[in-house]
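Novice: Here you go, one structure.
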Amino acid sequence: MNVSQEAFRAGILDPDRLAPVGLCNPDGAQATKRFDVYRNNVAVSLSDALEAAFPVIRKLVGDQFFRAMAGVYLRKHPPKSPLMMFYGDAMPQFLRRFGPAQSLPYLPDIAKLELAMRRAYHAADAQTLDPQVLGALAPDALLASRFRLAPAVQVVKSDFPIHAIYLANTVPEAPKPVMQPECALITRAGFDPQIHLIDAAAAKCICALIDGSPLADTLADETLDLGVTLALLLGQSAVTDIY
Amino acid sequence: MFDQSRDAPLPALPGVGYKPQHYADIIKDPDPVGWLEIHAENYMGDGGRPIAQLRHLAERFPISVHGVGLSIGSEGDLDPDHLGRLKHLIDWLNPASFSEHLAWSTHDSHFLNDLLPLPYTETTLAKVASHISQVQEALGRQMLLENPSSYLAFAESTYSEPDFLREIVTRTGCRLLLDVNNVFVSATNLKTSPQAYIDAFPVEAVGEIHLGGHDEDKDETGAPLLIDSHGKAIVDPVWALLDYTLARAGPKPLLIEWDNDVPEWGTLADEAKRAARALSGIPA
Numbered sequence: 195m196n197v198s199q200e201a202f203r204a205g206i207l208d209p210d211r212l213a214p215v216g217l218c219n220p221d222g223a224q225a226t227k228r229f230d231v232y233r234n235n236v237a238v239s240l241s242d243a244l245e246a247a248f249p250v251i252r253k254l255v256g257d258q259f260f261r262a263m264a265g266v267y268l269r270k271h272p273p274k275s276p277l278m279m280f281y282g283d284a285m286p287q288f289l290r291r292f293g294p295a296q297s298l299p300y301l302p303d304i305a306k307l308e309l310a311m312r313r314a315y316h317a318a319d320a321q322t323l324d325p326q327v328l329g330a331l332a333p334d335a336l337l338a339s340r341f342r343l344a345p346a347v348q349v350v351k352s353d354f355p356i357h358a359i360y361l362a363n364t365v366p367e368a369p370k371p372v373m374q375p376e377c378a379l380i381t382r383a384g385f386d387p388q389i390h391l392i393d394a395a396a397a398k399c400i401c402a403l404i405d406g407s408p409l410a411d412t413l414a415d416e417t418l419d420l421g422v423t424l425a426l427l428l429g430q431s432a433v434t435d436i437y
Numbered sequence: 002m003f004d005q006s007r008d009a010p011l012p013a014l015p016g017v018g019y020k021p022q023h024y025a026d027i028i029k030d031p032d033p034v035g036w037l038e039i040h041a042e043n044y045m046g047d048g049g050r051p052i053a054q055l056r057h058l059a060e061r062f063p064i065s066v067h068g069v070g071l072s073i074g075s076e077g078d079l080d081p082d083h084l085g086r087l088k089h090l091i092d093w094l095n096p097a098s099f100s101e102h103l104a105w106s107t108h109d110s111h112f113l114n115d116l117l118p119l120p121y122t123e124t125t126l127a128k129v130a131s132h133i134s135q136v137q138e139a140l141g142r143q144m145l146l147e148n149p150s151s152y153l154a155f156a157e158s159t160y161s162e163p164d165f166l167r168e169i170v171t172r173t174g175c176r177l178l179l180d181v182n183n184v185f186v187s188a189t190n191l192k193t194s195p196q197a198y199i200d201a202f203p204v205e206a207v208g209e210i211h212l213g214g215h216d217e218d219k220d221e222t223g224a225p226l227l228i229d230s231h232g233k234a235i236v237d238p239v240w241a242l243l244d245y246t247l248a249r250a251g252p253k254p255l256l257i258e259w260d261n262d263v264p265e266w267g268t269l270a271d272e273a274k275r276a277a278r279a280l281s282g283i284p285a
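Those protein sequence lines, which keep their order, are chains A and B.
Numbers 195 to 437, taken from our numbering, label the letters of the first sequence in order.
Numbers 2 to 285, taken from our numbering, label the letters of the second sequence in order.
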C-alpha cells in the first residue's frame with residue numbers, strides 16, 4: 195500500500211483520522227502511536243511558534259486558553275511558508291471570529307500590534323536621514339516633500355487602548371489601561387522595535403506619508419501637531435529620505 | 002557535478018547549533034567550538050538583529066547553513082520562492098557548508114514544520130535525486146543530505162536507508178550529513194542494529210556529523226519509542242556510536258544540536274569538549 199503525502203498531511207492535521215494504511219510498526223502491524231509522534235511534533239512546533247509570536251495575547255488569555263486556541267488556529271491556518279518568523283498573520287481575522295474570545299474584543303488589534311512588532315524586528319535595516327536636511331529646507335519645499343520611512347515603521351489604529359494594554363502586559367508597573375481608542379506607531383531605531391502612543395491625527399498623517407503623499411497633503415486634520423509628529427519620526431530614525 | 006574543494010570547508014572540530022542567547026558567550030570564549038551551524042529559515046528576514054549577528058559571527062567562524070524547510074522529499078515540486086530565498090542567503094553569506102534533510106515538510110503549499118518521512122522506492126529515489134540536482138544547480142554548490150529519525154516504517158519501501166542515500170550520492174554528487182543520534186533513534190525504533198547501519202553507510206561521502214539528545218517513550222505494545230527532541234544531553238550509547246563511526250569514517254566536523262530547553266553556554270560547551278575528546282584520538 196503506497197502512502198501519499200496528501201494522506202499523511204490530512205492524517206497529521208486531523209487527530210480523529212486513523213494513521214494512513216501502509217505505515218508500520220517494526221513488527222509489521224499498522225502504526226498508531228508512532229504516527230502520533232508526527233502529529234504531536236507538528237502541533238507542538240506550530241503552537242510554540244504562535245506562543246513566540248503572540249506573548250501579549252498569551253498573557254491576556256492565559257496559557258491553557260492560548261494552547262487550546264492555537265490548536266484550533268493551526269488546523270484552520272496551517273503555515274503556507276517555511277518562514278516561521280511570520281507564522282500567525284491570519285490571527286487578527288481568526289480572533290475576530292473565534293467564539294470563545296468574543297468577550298475580549300480588543301484581542302484582534304493586539305494581535306495586529308504583535309504582528310507589526312515582529313515585522314519590525316525582521317525589517318530591512320535603513321539609513322537615517324540627518325534631521326538638518328529637513329531644517330535646511332524652505333517651508334514650501336518641505337511641504338512639497340514626500341518622505342521615505344524605514345521599512346520597520348508601521349501604524350496600528352484601534353478602537354481600544356492597544357498601547358496601554360500592550361504596555362500593561364510587557365512593562366512592570368505600567369498604568370492600568372483606560373477604555374478609549376488608541377493608535378500606536380512602531381519604529382526601530384536600533385535592533386529593538388519600539389511602540390509609541392500617537393493621536394489619531396498623527397496616525398493619519400504618518401499613514402499618508404507611508405503611502406507616499408507629499409507632506410502638504412497629510413495635514414488635513416487640524417488637531418495635528420506637526421512639530422511633535424516630525425520630532426518623533428526623526429528622533430526614532432524613522433525617516434530615511436525625502437524626495 | 003560541483004567542485005568539492007571549497008575555499009574554507011568546515012574544520013574537523015566540534016561545532017554547535019547557534020542560539021542567539023549564547024551570542025555574548027561565543028564571542029568571549031568559544032573554546033572548543035570551531036564553527037557554528039544556523040537554521041537557514043531563521044535568517045531569511047530582511048534585516049535587523051538576526052542578520053547583523055550572523056554577519057558578525059561569519060567574520061569569526063566558519064558557518065554551516067542547515068535548511069529545515071526545503072522539503073526535498075516532496076512528491077511535488079520544490080517551492081521556487083523558498084529556493085530563491087535560500088540562494089539569496091547562500092550568496093551573501095558564502096557559508097562553508099549547506100545541508101538539508103531526507104524528509105518532506107510541504108505538501109500542496111501547506112508547510113507542516115516537521116521533518117516527515119518518505120518511503121524508499123525507485124520513484125522517491127528519482128524524485129529526491131532530481132530535487133537535489135535542482136538545489137545544487139540553483140545554489141552553484143554541492144550540498145549535504147541528512148539521514149532522518151524514523152518512528153515507523155513504510156510497507157512499500159524497497160531500499161534500506163543507507164543504500165538509498167548511497168544511490169542519491171552516486172546520482173547527484175551530493176555529500177551526506179550523518180546524524181548519529183538519528184541512527185540510534187531509528188535503529189531502536191525499528192529494531193535494527195545501529196552499528197550495522199554505520200557499517201552499511203557510505204562514510205566516504207560524509208562531510209559532517211550531528212549529535213543530539215532524544216526523549217524516551219514507549220509505543221502501544223510497550224516497545225521503546227525514542228523521539229528526536231534535541232532537548233537534552235547526548236546519551237552514552239550515542240557517544241559510543243560516534244566512536245564507532247569515527248573509527249570508520251575518520252575525523253569529521255561534529256555538531257552538537259540542542260534546539261529545545263536550550264541550556265547555559267557552559268553546558269553546551271561541555272558537550273563540545275566531549276566531542277573534541279572523541280575526535281582527538283582519530284587519525285586523519
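For every residue, glycine included, the Cβ atom is placed at its ideal position computed from N, Cα and C.
1) Looking at the secondary structure, which residues open and close the alpha helix (DSSP H) in which Cys401/A lies?
2) Distance cutoff 8 Å, beta carbons only. Does Arg203/A sit that close to anything in chain B?
3) Excluding five sequence neighbours on each side, which residues of the same chain lie with their C-beta closer than 7 Å to the C-beta of Phe202/A?
4) Chain B beta carbons: is any one of them nearer than 8 Å to that of Arg261/A?
5) Who are the Cβ neighbours of His211/B in its own chain at under 6 Å, not counting the five residues just before and after it?
6) Are any of the Cβ atoms in chain B nearer than 8 Å to that of Glu200/A?
7) Would you call Gln199/A buried or exposed, if buried means 16 or more other Cβ atoms sit within 10 Å of its Cβ?
8) Given Thr364/A, which residues of its chain have a CB within under 7 Å of its CB, disregarding the five upstream and five downstream residues?
9) At a Cβ threshold of 8 Å, is Phe248/A touching chain B?
10) Mind reading off the beta-carbon distance from Leu103/B to Leu14/B? Whole number of angstroms is fine, and I expect it under 8 Å.
11) For the beta strand (DSSP E) that contains Leu280/B, what are its first and last residues?
12) In terms of alpha-carbon separation, which member of Tyr267/A, Ala247/A, Ser275/A, Ala335/A lies closest to Leu307/A?
13) For the beta strand (DSSP E) containing Ala378/A, list its first residue and its last residue.
14) Could you check whether Asp262/B and Lys233/B sit closer than 8 Å to each other, using their CB atoms as the reference points?
15) Mind checking if Gly265/A is an interface residue toward chain B, Cβ cutoff 8 Å exclusive?
16) Apart from the five residues just before and just after Gly406/A, which ones in its own chain have a Cβ nearer than 6 Å to its Cβ?
17) Under the rule that 16 or more other beta-carbon atoms within 10 Å means buried, what is Gly222/A, buried or exposed?
18) Are Phe99/B and Arg142/B close, meaning C-beta to C-beta below 8 Å?
19) Would you call the stretch 127 to 137 of chain B in contact with the stretch 50 to 59 of chain B, where contact means no fewer than 3 C-beta pairs closer than 8 Å?
20) Please classify Gly16/B as buried or exposed, where buried requires at least 16 other C-beta atoms within 10 Å of its C-beta.
21) Put Arg211/A into one of helix, strand or coil per three-state DSSP.
22) State buried or exposed for Ile380/A, treating a residue as buried only when at least 16 other CB atoms are found within 10 Å of its CB.
23) For the stretch 88 to 115 of chain B, which residues have a CB atom closer than 8 Å to at least one CB atom of chain A, in sequence order?
24) With 8 Å set as the bound, which would you pick, yes or no: does the beta-carbon of Tyr315/A sit closer than that to a beta-carbon of chain B?
25) With DSSP as the reference, label Val372/A as helix, strand or coil.
26) To the nearest angstrom, report how far apart Phe202/B and Pro163/B are at their CA atoms.
27) Between which two residues does the beta strand (DSSP E) carrying Leu256/B extend?
28) For Ser241/A and chain B, any beta-carbon pair shorter than 8 Å?
29) Going by CA-CA distance only, name the one from Asp411/A, Ile400/A, Ser352/A that's closest to Pro299/A.
30) Measure from the C-beta of Ile39/B to each C-beta in chain A and report whether the shortest distance is under 8 Å.
31) Once the 5 residues before and after Phe155/B are set aside, which same chain residues still bring their CB inside 6 Å of it?
32) To the nearest angstrom, how far is the alpha carbon of Val239/B from that of Asn182/B?
33) For the stretch 123 to 155 of chain B, enumerate the residues whose C-beta is nearer than 7 Å to any C-beta of chain A, in chain order.
34) Under DSSP, the beta strand (DSSP E) around Gln348/A begins and ends at which residues?
35) Give the DSSP-derived three-state secondary structure of Ala154/B in the structure shown.
36) Looking at the C-beta of Gln321/A, does it have a partner C-beta in chain B at a distance below 8 Å?
Specialist: Taking the structure as given:
1) Looking at the DSSP string, the run of the alpha helix (DSSP H) that includes Cys401/A is 394 to 404.
2) A Cβ of chain B is located within less than 8 Å of the beta carbon of Arg203/A.
3) Cβ neighbours of Phe202/A within its own chain (closer than 7 Å, five residues either side excluded): Pro214.
4) So, not an interface residue.
5) Spatial neighbours of His211/B in its own chain (CB-CB distance under 6 Å, excluding positions within 5 residues in sequence) are listed in chain order as Asp180, Leu256, Glu258.
6) Chain B contact via Cβ: present.
7) The residue in question, Gln199/A, is buried, as its Cβ has 16 or more Cβ neighbours within 10 Å.
8) Here the set comprises Val250.
9) With its beta carbon at least 8 Å from every one in chain B, Phe248/A lies outside the interface.
10) That pair is no contact at about 25 Å.
11) Premise fails: Leu280/B lies in the alpha helix (DSSP H), 266 to 281, not in any beta strand (DSSP E).
12) Ranking Tyr267/A, Ala247/A, Ser275/A, Ala335/A by Cα distance to Leu307/A puts Ala247/A first.
13) Under the DSSP assignment, Ala378/A falls in the beta strand (DSSP E) whose first and last residues are 376 to 381.
14) At a Cβ-Cβ threshold of 8 Å, Lys233/B and Asp262/B count as neighbours.
15) Cβ-Cβ to chain B under 8 Å: no for Gly265/A.
16) Shown here for Gly406/A: same chain residues with a beta carbon closer than 6 Å to its own, the five before and five after excluded, namely Arg340 in chain order.
17) Exposed, by the Cβ-count rule.
18) The answer is yes: Cβ separation under 8 Å.
19) Fewer than three pairs of CB atoms, one per stretch, sit closer than 8 Å, so the stretch 127 to 137 of chain B makes no contact with the stretch 50 to 59 of chain B.
20) Its Cβ being crowded by 16 or more others within 10 Å, Gly16/B is buried.
21) For Arg211/A, the three-state secondary structure derived from DSSP is coil.
22) With a 10 Å radius around the Cβ and a threshold of 16 neighbouring Cβ atoms, Ile380/A comes out buried.
23) For the stretch 88 to 115 of chain B, the residues whose beta carbon sits under 8 Å from a beta carbon of chain A are, in order, Trp105, Ser106, Thr107, His108, Asp109, Ser110, His111, Phe112, Leu113, Asn114, Asp115.
24) Chain B, which has a Cβ nearer than 8 Å to the Cβ of Tyr315/A, makes this yes.
25) For Val372/A, the secondary structure class from DSSP, reduced to helix, strand or coil, is coil.
26) So the two alpha carbons sit approximately 5 Å from each other.
27) Following the DSSP letters along the chain, one finds Leu256/B inside the beta strand (DSSP E) bounded by residues 255 to 258.
28) Chain B has no Cβ within less than 8 Å of the Cβ of Ser241/A.
29) The shortest Cα separation from Pro299/A among Asp411/A, Ile400/A, Ser352/A belongs to Ser352/A.
30) It does not: the Cβ of Ile39/B has no partner Cβ on chain A nearer than 8 Å.
31) Excluding sequence neighbours, Phe155/B sits near Pro120.
32) Separation of Val239/B and Asn182/B (C-alpha to C-alpha, rounded to the nearest whole angstrom) is 6 Å.
33) Result list: Tyr152, Leu153, Ala154, Phe155.
34) It spans 348 to 352 - the beta strand (DSSP E) in which Gln348/A sits, taken as one unbroken run.
35) Here DSSP, grouped into helix, strand and coil, assigns Ala154/B to strand.
36) Not an interface residue.
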